[in-house]
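Here the structure is laid out as structure tokens; the discussion comes afterwards.
Protein chains: 2
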Amino acid sequence: MKRLEEKTIHTTPIFQGKIINVQVDEVELPDGKTSKREIVKHPGAVAIIAITKDQNIVMVEQFRKPLEKSIIEIPAGKLEPGEEPMTCAKRELEEETGYTSDHLEFITSFYTSPGFADEIIHIYAARNLSRLEVQKDLDEDEFVEVMECSLEEAEQLEKEHKIQDAKTAFAIQYVKAQGWMK
Amino acid sequence: MKRLEEKTIHTTPIFQGKIINVQVDEVELPDGKTSKREIVKHPGAVAIIAITKDQNIVMVEQFRKPLEKSIIEIPAGKLEPGEEPMTCAKRELEEETGYTSDHLEFITSFYTSPGFADEIIHIYAARNLSRLEVQKDLDEDEFVEVMECSLEEAEQLEKEHKIQDAKTAFAIQYVKAQGWMK
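Protein chains in written order, with full-length UniProt numbering: chain D, 1 to 182; chain C, 1 to 182.
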């Protein structure tokens, strides 16, 4: 909507990292005043709602340094430069869980923190999983524990704050609304 | 889970902004090797699933500078220092939508981008809305358009990528799974 637009007056680069870049934009507001916007640039990510034949959802437990604790999430990972989200989703599913699927279904895409970051996450569902014969390698600085749980167990983990992640909270409600799991 | 833990060797402060701080932590990985983690610190936020008496969900359209476009989201806002999430949720509902509620129900909390940020968002539902007699002021650099839509309209907006936001995608599935809207 044009009337809400904020025009960039000046961009100050702050940080160029391995994963994120940070900049501060001076903007002209709709009323002509100026303000500053702190912006994190991120390559984007994918996440996979993976349901096993016996109606469990595949989760990974992972230490998240920004939180100083490990939490349980659906499998996910960052896009490599130029990588198709669907290709990335299949790769991350295989690397993180040891499962593969010959049919990933696109569900939706959403921004995780639109107030300060441009990270977008593309959500796929995989409902015809088979085991990889040979386990693939994770990134060398990545350590995850795979687990499978029922919808009831997932909701219990949410109550216990072990599941406390936007994409995973979405996945649980999506699976419930679709009636995919008992 | 202790065996997944990453110990901090050294923290390098990068940026102290009005909303976010950025730091790079050098960490010891579970296998004894070292790596770097780029971390964004955020004060946390709330969002409100507000349902009107005639079964519409209240949304706000807002320009999001990191995305260089406006998107439609459920009402939300950052926590002020020391502010209770429930208090913040009531305040943001009133400021952004002109509605109030004497009973906000806590739904869940989740991290939006646990890979690089500590932002947590607390989700509340307000299902007994009444109109404020006097409209409250928004923050001086905040411009939003309020709208109300049915569940069907919200899902259509999602298909058109006008709704493309994690907390709002969660809200739509939550409302569907609960059967709160037709």
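Cβ coordinates follow ideal geometry from the N, Cα and C atoms, glycine included.
Secondary structure of leucine 129 of chain C (DSSP, three-state): strand. Taking one beta carbon from each stretch, the stretch 62 to 73 of chain C and the stretch 152 to 170 of chain C have 3 or more pairs nearer than 8 Å; the two touch. Isoleucine 49 of chain D sits away from alanine 154 of chain D, with the two beta carbons spaced by 8 Å or more. From the beta-carbon of proline 30 of chain C, the residues of chain D found nearer than 7 Å are Phe143.
Around the beta carbon of valine 134 of chain C, fewer than 16 other beta carbons lie within 10 angstroms, which makes this residue exposed.
Within the same chain, and ignoring the five residues on either side of glutamate 94 of chain C in sequence, the residues whose Cβ sits closer than 7 Å to its Cβ are Thr100, Leu132, Lys136. Residue environment analysis places histidine 10 of chain C among the exposed positions, since fewer than 16 neighbouring C-beta atoms fall within 10 angstroms of its C-beta.
The beta carbons of valine 27 of chain C and threonine 8 of chain C sit closer together than 8 Å. A Cβ-Cβ separation of about 5 Å places valine 46 of chain C in contact with cysteine 88 of chain C under the 8 Å criterion. Short of 7 Å from the beta carbon of glutamate 119 of chain D, and not among the five residues preceding or following it, lie these beta carbons of its own chain, in chain order: His42, Gly44, Ala45, Tyr111, Thr112, Ser113. A straight line joining the alpha-carbon of threonine 108 of chain D with that of phenylalanine 15 of chain C spans about 33 Å.
As the crow flies, the alpha-carbon of glutamine 156 of chain D is around 13 Å from that of isoleucine 57 of chain D. Distance from the Cα of glutamine 164 of chain C is smallest, within the candidate group C:Ile123, C:Glu61, C:Val175, for C:Glu61. Per DSSP, the continuous beta strand (DSSP E) segment holding threonine 34 of chain C begins and ends at 34 to 41. In this structure, glutamate 38 of chain D keeps its C-beta atom at 8 Å or more from the C-beta atom of glycine 82 of chain C. Taken atom to atom, the span from the alpha-carbon of glutamate 152 of chain C to that of threonine 34 of chain D is near 38 Å. Secondary structure in the stretch 40 to 114 of chain D: the alpha helix (DSSP H) runs of 4 residues or longer, each lying completely within the stretch, are 85 to 97 in chain order.
With 16 or more other CB atoms across the displayed protein chains lying within 10 angstroms of its CB, valine 175 of chain D is buried. When DSSP states are grouped into helix, strand and coil, phenylalanine 15 of chain C belongs to the strand group.
Straight-line measurement puts the Cα of cysteine 149 of chain D at about 12 Å from the Cα of lysine 53 of chain D.
Per DSSP, histidine 161 of chain D has no beta bridge partner at all. For valine 134 of chain C, no beta strand (DSSP E) encloses it, and the DSSP letter there is neither H nor E. Glutamate 148 of chain D has D:Val58 as its beta-bridge partners, per DSSP.
CA-to-CA, the gap between threonine 97 of chain C and methionine 86 of chain C works out to about 16 Å. Flagged as an interface residue toward chain D: isoleucine 20 of chain C, by a C-beta distance shorter than 8 Å. Only Lys36, Arg37, Glu38, Ile39, Val40, Lys41, His42, Ala45 from the stretch 36 to 56 of chain C bring a Cβ to less than 9 Å from some Cβ of chain D. For isoleucine 123 of chain C, the three-state secondary structure derived from DSSP is strand. Annotated as distal: alanine 177 of chain C and glutamine 55 of chain D, with beta-carbon spacing of 8 Å or more. For isoleucine 71 of chain C, the neighbours in chain D by C-beta distance under 8 Å run, in chain order, Tyr111, Pro114.
The C-beta separation of leucine 104 of chain C from lysine 90 of chain C comes to about 6 Å, placing the pair in contact by the 8 Å criterion. Taking 8 Å as the threshold, the shortest C-beta distance from tyrosine 174 of chain D to chain C falls below it. Neighbours of lysine 182 of chain D in chain C, taken as residues whose beta carbon is under 8 Å from its own, are absent, since the nearest beta carbon is some 14 Å off. Taking the Cα of leucine 4 of chain D as reference, the smallest distance to any Cα among C:Ile19, C:Glu6, C:Arg64 is reached at C:Arg64. Assignment of glutamate 155 of chain C by DSSP, reduced to helix, strand and coil, places it in the helix class.
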